[in-house]
Amino acid sequence: MNYYDVIIIGGGITGTAIAHELSKYKLTVALLERGSDIGIGATKGNGGVVHPGYDPTPGSLKAKINVCGANRYPQLARDLNFGIINPGIFVIGFSDADEAMLKHKLEFGIKNGVKDLAIIDAGQMRNREPQLATTARHALYAPTATVVDPFEVAIAFAENAKANGVEILTSQPVTAIKKRTDGNFLLNTPDQQFTCTYIVNAAGNHADDVARLAGIAEYQMKPRHGDLLVLDKDMVNKPKTVMFPCPGPDTKGIACIPTVHGNTIVGSTATMLDDKEAVNNYAPGIQALIDGVHKILPELDAAKIIRTFAGLRPVVLDNNNDFYIAESPTVKGFIHAAGIQSPGVASAPAIAELVRDLLDNAGLEMVPKADYNPYREKLTVFTELSLAEQDALINEHPAYGRIVCRCETVTEGEIIAAIHGAIPAHTLDAIKRRTRAGMGRCQGGFCQYKVIAILARELGLSADAICLEDAGSQLLCGAVKGGAK
Amino acid sequence: MKQLDYDVVVIGGGPAGMAAALKANEKGATVAIIERNDELGGILNQCIHSGFGLSYFKQELTGPEYAELFINRVKDSDIDVYLNTMVIDLAPDHRITAVNQDGMLVLAAGAIVLAMGCRERTRGAIKIPGSRPAGVLTAGLAQRYVNIENRKPGERIVILGSGDIGLIMARRLTLEGMQVLGVYELMPYANGLYRNIKNCLDDFDIPLHLSTTVTNIIGYPHLEAVEVAKVDENFAVIDETREVIACDTLLLSIGLIPENELSQNSGVSLNPRTNGPLVDEELATDQPGIFACGNVLHVHDLVDNVTLEAEQAGTAAAVYALEQKAAVSENRPAENKATITISPGENVGYTVPAKLTIPPQKPIRILFRVRTPLDQAAVVIHTGTEIFYQGKVQAYKPSVMEAVALHPEELNRLNESDEPITVSVREVKK
């Protein structure tokens, strides 16, 4: 049977950050992800803002973790080679009441240790964002705030963890957990069994369900749903800054967010739901996004929307809207990293360090590895190369001279590399997340059939077997009449 | 890295690109076509139905047949064709950077013809709510799967939008044994050509539901159903008409958008009404020596019209390139042309061209489409209140591209300070 010191359940940004952290120590660790790829739960339904930490109430768990996590990002981005931009954040006030709120946030931010915060006036805002609504009066400016691509970060964490010995297993939903008499846990998935001494529960919206498998009923969870939309890269007058309105009680409000790849995201709404699988878009939500962003940028062209998507923030009920990161008082060795709602992306690196400390306190011996490699090479990105480098690459590997995705200029070489990457991409969406093929304005209309053909060829499968994402999402269903081939 | 030099480089080897290249070549220019796919012909290759060529060749052809006639002409010419080659940058000075599996290419061109075609509008563009499962795809992609890849996208199909590709696919999927449950159109009229409604829907008993749209996408990981509902005259959903239809595939035929990202790189200005370049009567953009034709300029109804337009662009590009060469060798100064705007008026969505060089030297054709169907109306061309062309009373449909030919003598009293030339289609009451 497969024994590990620690099994992490859940391969989102939280679980992979924990895997990355634990891979620095002489431990045997496995990560089990129920989905066909990592980073496809709450992690992919996310705007990617690394919140600097002026929001959480000082003294809360969130407050401690958020600032520390956000501060880790610039170095992590260098070591793990993921994209990061530093657009800063405006939290915009439109009234006197808003100004009071901004001052309050400023105070929170200073207490929480956020650097370089300032309240700025309309003129200063407009210098940076000339398209800003004339009703905007003042803003809390957080110049250190960064934006990342959350699933790229999760992939980077997972790949580096794997290179340092962590097993990353996808399509492994945990169906049963037993605490054996020897103190170890026995875990079942539909086709495998594992044993381990410690479990880290990073199962996102399903953390309470996973806990229940181990007989733990400490908390209940519900998702807080958010609609988001993506605007074309070629939009004119793109915002340079992440811009939020003054926040409401449960949400930071509808923001426009410049992305790592030059798109603009508008997000997110916030609605508590019962259904943990309802990653749907709702018409009123989409309208609220358009109306919301127009309050900040009245001229933003809604015709530049290329996609809508949605995410579910995992909320632990009756927990003051805070994270729930602790060892279970009833089942020893079971650590929760639950309720990782916003600012989950910012917090992930610090959550990983906290979980490491909780494991240490729980008796796990943490001995640093001498041969730990903190660096990760990313896949070649054709468009980032100079003309001469592109030419040389094609001479060596002609597949880099075949453009598959015209909107994002993605080559066949990049797609093949992703399919055979450290965390292999075996679905259309997994390819999209790693290479951006299908991410552009035609949304795969021109390249989907090409990507399917490459996947089928490289994996030795029929085109009919290729899935969009989860099992059961096949894109084709057999040969046409007389077209069998 | 390869460095190449041509009088005219045509970007795109579909029907527009081939026709433009052939004409430019005929005028004595050295010509290259750069095509991103592995064969010439563009989207015609997957349009295996007939109905092409009726006006240009006076015979009914399939898409591949129509394409082949041009492919053969290109083969018989000394036009250089670069297949599997993608242009990744186009500079205002006509420097083209392209890539293929032999490496990077840099091409210098005296003139450039943009002929990159268009793409389909997607689910995101119209923001259909619901889940995001497999089974939702554009009609053109479905056409590729069925006609070229020999694969079925599903078994029970709902089609949103009554664009021509959607109508053609309704018939095609039915012939291939799939069940097409209906075509749903938000507008109170069909967007496709009348002949396609007749031949592709009516003849196969496929219902067309007007003023009806898809309001929800249901099922995950694969599509299981769509919710449809009628809309009122303001396009607001009428709640009590919501109805769930079990299906495994939703095809979208909701419009086409000219692909001008490359054009914009070169500094070409676009016409917000067409999403294509702003051109004059020679199909010249506002960047000297860059011309546009076919669906990259504006979405056409018939390929025959694409061919005619492209021939004009190819000719103009060759004339430009050869004159520039001569001008450089003779040290002639470039001439400055005066232009006047042509703008769409009452009931007209857009015009091509959108500007006119004055005084006009030769007859010009103004193409336009109406915004809504009109049973009895007449085209009126005027500057301010002065009417200088009035057409016959006829029916107009948005699906049909209309053309008016004007002679220089009708236009030669125009001057630069005039108000724009306005093209209106006015309803005529009985």
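Residue numbers (UniProt numbering), protein chains in the order written: chain A, 1 to 485; chain B, 1 to 430. Glycine included, every Cβ here is placed at the ideal spot set by N, Cα and C.
Return yes when the Cβ of residue j is within less than 7 Å of the Cβ of residue i, no when it is not.
i             : j      : result
G103/B        : I394/A : yes
I206/B        : V180/B : yes
I88/B         : T409/A : yes
V331/A        : A214/A : yes
R78/A         : P349/A : no
residue 431/B : T383/B : Residue coverage of chain B in this structure runs from 1 to 430, which leaves residue 431/B outside it and unanswerable.
M1/B          : D391/A : yes
V50/A         : V345/A : yes
I452/A        : I431/A : no
G294/B        : A284/B : no
G110/B        : Q312/B : no
N216/B        : P129/B : yes
F70/B         : L61/B  : no
G166/B        : A139/B : yes
V480/A        : E227/B : no
T274/B        : A19/B  : no
G349/B        : R365/B : no
V210/A        : I18/A  : no
Y324/A        : Y219/A : yes
H261/A        : N160/A : no
A125/B        : D5/B   : no
N112/A        : A63/A  : yes
Q101/B        : P398/A : yes
Under the three-state reduction of DSSP, which class applies to residue i: helix, strand or coil?
i             : result
residue 448/B : Any answer about residue 448/B is impossible in this case: the structure gives chain B only from 1 up to 430.
N205/A        : helix
R119/B        : strand
H225/A        : strand
R172/B        : helix
I7/A          : strand
G12/A         : coil
S253/B        : coil
P314/A        : strand
I165/B        : helix
L359/A        : helix
L369/B        : Before going further, note that residue 369/B is Arg rather than Leu in the sequence given. Three-state result, R369/B: strand.
G344/A        : helix
K355/B        : strand
Q220/A        : coil
V230/A        : strand
Tell me, please, which residues DSSP counts as bridged to residue i.
i             : result
S343/B        : T422/B
T383/B        : E386/B and I421/B
G335/A        : Position check: residue 335/A holds Ile in this sequence, whereas Gly was assumed. The partner list for I335/A (beta bridge, DSSP) reads V200/A and E327/A.
residue 432/B : With chain B represented from 1 up to 430, any question about residue 432/B goes unanswered, as that position is not in the structure.
A176/A        : N188/A
C256/A        : M243/A and V266/A
V158/B        : G182/B and L250/B
N100/B        : G103/B
S50/B         : T62/B
K2/B          : L105/B
Ignore the nearest five residues each way along the sequence and tell me which others in residue i's own chain have a CB closer than 6 Å to its CB.
i      : result
K178/A : L186
A417/A : L379
L132/A : M125 and R126
A288/A : T269
D7/B   : A29, T30, G110 and A321
T144/A : P52, K115 and D116
For residue i, collect the residues of the same chain with a Cβ closer than 8 Å to its Cβ; drop the 5 residues on either side in sequence, then sort them by chain order.
i      : result
A378/B : Q390, G391, K392, V393, Q394, V425, R426 and V428
V99/B  : T85, M86, I88 and L105
R144/B : Q46
Taking 7 Å as the limit between beta carbons, can you name the residues of its chain near residue i, skipping five residues before and five after?
i      : result
R313/A : A42, P223, R224, G226, Q341 and S342
D360/A : M366
Is residue i near the ligand COA - that is, is its Cβ less than 6 Å away from at least one heavy atom of it?
i      : result
I340/A : In the structure shown, the ligand COA is absent, as is every other ligand, since no ligand is present at all.
* Asked: Do the segment 304-324 of chain B and the segment 17-30 of chain B make contact, defined as three or more Cβ pairs closer than 8 Å?
  -> Touching, yes.
* Asked: Just checking, does the segment 270-282 of chain A make contact with the segment 110-125 of chain A on the three C-beta pairs under 8 Å criterion?
  -> Judged by Cβ distances under 8 Å, the segment 270-282 of chain A makes no contact with the segment 110-125 of chain A, as fewer than three pairs qualify.
* Could you tell me whether the segment 3-18 of chain A touches the segment 29-43 of chain A, where touching means 3 or more Cβ pairs closer than 8 Å? => Short answer: they touch.
* To do: Say whether the segment 144-160 of chain B touches the segment 296-305 of chain B, bearing in mind that this needs 3 or more beta-carbon pairs closer than 8 Å, one atom from each stretch.
  => Segments in contact, no.
* Three CB pairs or more closer than 8 Å across the segment 261-275 of chain B and the segment 241-251 of chain B -> no
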